[in-house]
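Novice:
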């Protein structure tokens, strides 16, 4: 029963993410994720045509960089704290059972650590892209270097936004895992509740113009 709950929970979250990715590919403005990616690209292109916007652009990217830094720091602290709490039990369980008998609690603890680490990696990589984007966006708008690097800035800001979004999303994925550590049977219900919350977050923003 605990293993069934774990597999069912992962299937629920995985199916929702696959569905969301499929919808985003077919209809770029149907989800908040794809709509925000388009917004970031249009933001770079619009400011790249506006002389004197370099300081505004760098300030906006700095705010995003700070947000990604906070997320990465939180994930790193949570990872270290979780590792401190679970390291003894994980080591004992792995030494006792090896790979012949993997308990659901050990699997959930490893999944918890992996999710926190993935959140840190996504947020830290987003910081890298935001930082490099700020160098490009600080170049004079009418300079040859800025014109040549604008497509790179569009791509970097798009990547940074996606990675930052995943860094936050992985924090939300911790909810079913924590519920499973308390009671494995509660994990599928927590996964369903999380999907309902994510649906509200992933709903396309209102007032979007149709694609031409």
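Residue numbers (this note's numbering): 60 to 271. For every residue, glycine included, the Cβ atom is placed at its ideal position computed from N, Cα and C.
1) With distances taken between CB atoms, is the gap from residue 192 to residue 98 smaller than 8 Å?
2) In this structure, what does DSSP give as the bridge partners for residue 262?
3) Alpha helix (DSSP H) containing residue 173: first to last residue?
4) Can you name the start and end residues of the alpha helix (DSSP H) that residue 234 belongs to?
5) Just curious, the alpha helix (DSSP H) that residue 110 is in, first and last residue?
6) Please report the residue range of the alpha helix (DSSP H) in which residue 70 lies.
7) For the pair the segment 211-219 and the segment 256-263, tell me if three or more CB-CB distances fall below 8 Å.
8) Under a Cβ-count criterion, where at least 16 other Cβ atoms within 10 Å of its own Cβ denotes burial, should residue 168 be classed as buried or exposed?
9) Cβ of residue 178 within 8 Å of Cβ of residue 248?
10) Kindly indicate which residue of 171, 235, 81 and 241 has the alpha-carbon position closest to the one of residue 251.
Specialist: In terms of the structure at hand:
1) In the chain shown, counting from the first residue as 1, residue 192 sits at position 133. In the chain shown, counting from the first residue as 1, residue 98 sits at position 39. No.
2) As a first step, residue 262 must be located in the chain shown, where it is residue number 203. Beta-bridge pairing links residue 262 to 90.
3) Reading the chain shown from its first residue, position 114 is the one you call residue 173. Start and end: 163-196.
4) Here residue 234 refers to the residue found at position 175 when the chain shown is read from its first residue. It spans 233-241 - the alpha helix (DSSP H) in which residue 234 sits, taken as one unbroken run.
5) Residue mapping note: residue 110 aligns to position 51 of the chain shown, counting from 1. Where residue 110 is concerned, there is no enclosing alpha helix (DSSP H), given that its DSSP letter is neither H nor E.
6) To locate residue 70, count along the chain shown from 1; it is residue 11. Here the alpha helix (DSSP H) through residue 70 covers 61-85.
7) no
8) Here residue 168 is taken as the residue at index 109 of the chain shown, counted from 1. The residue in question, residue 168, is buried, as its Cβ has 16 or more Cβ neighbours within 10 Å.
9) Here residue 178 corresponds to residue number 119 of the chain shown, with the count starting at 1. Here residue 248 corresponds to residue number 189 of the chain shown, with the count starting at 1. Taking 8 Å as the Cβ cut-off, residue 178 and residue 248 do not qualify as a contacting pair.
10) Translated into positions along the chain shown, residue 251 becomes position 192. With distances taken between Cα atoms, residue 251 lies closest to 235.
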